[in-house]
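Structure, as structure tokens:
This is how it looks when you write it as structure tokens:
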């Protein structure tokens, strides 16, 4: 389960990194996400996957609460047994990975939406600019309709300025999302290091359990 979650987190981090930088990989990632979201059943599938992860996360948190409850129970002698410590560490790592998986899904969705919005705004801006240039050229030599064209050009300029402001706002949102994605990548690296440390602790705890079992069997 943990290995699968690490693979999912790394795959999502790779997709987020591909969306951050303007490379051919970004085009492939956007095309893949467009196809994934295409169709009426796509949102239902995404919600189903997110619901499954939420259910698994809730189950893991419940298991952690049960282990903590056993530690605080006076009948159990207080404190966690080595087995409970191993299980608690494993559940904690699983919960962290599932949380990062859900967060990365949200970041990828927002980055994809921002990129699509930026492309739409840029196309609108280019269309308005072309229309504006055509009106500027048509204005030459036409004296009777000069005022009409000037009013239309003024309106188009206002619309173009609004579109520029919208593009700037979306660009700032993309930068914020890029910073968050980079922070998530760094946290993923920290999780890999923490996973290695937990594996070592798990090995030590297993050795301690084996020695305890040997003592109990000898006694």
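Residue numbers (this note's numbering): 5 to 223.
Even for Gly, the Cβ is constructed at its ideal location relative to N, Cα and C.
- Item | Continuous beta strand (DSSP E) assignments of at least 3 residues falling wholly in the segment 9 to 48 | none
- Own chain residues within Cβ distance below 7 Å of residue 90, not counting five before or after: 206 and 209
- Query: Rounded to a whole number of angstroms, what is the C-alpha to C-alpha distance between residue 14 and residue 87?
  - Reply: 29 Å
- Task: Determine contact between the segment 187 to 195 and the segment 123 to 136, defined as no fewer than three beta-carbon pairs at a distance below 8 Å.
- Result: no
- Just mark residue 35 as buried or exposed, buried being the case when its beta carbon has 16 or more other beta carbons within 10 Å. exposed
- Message: Do residue 198 and residue 105 count as a contact pair if the criterion is CB distance below 8 Å?
- Response: no
- Would you mind working out which of 117, 211 and 65 sits nearest residue 101, comparing C-alpha positions? 65
- Item | Environment of residue 112 [buried if 16+ CB atoms lie within 10 Å] | buried
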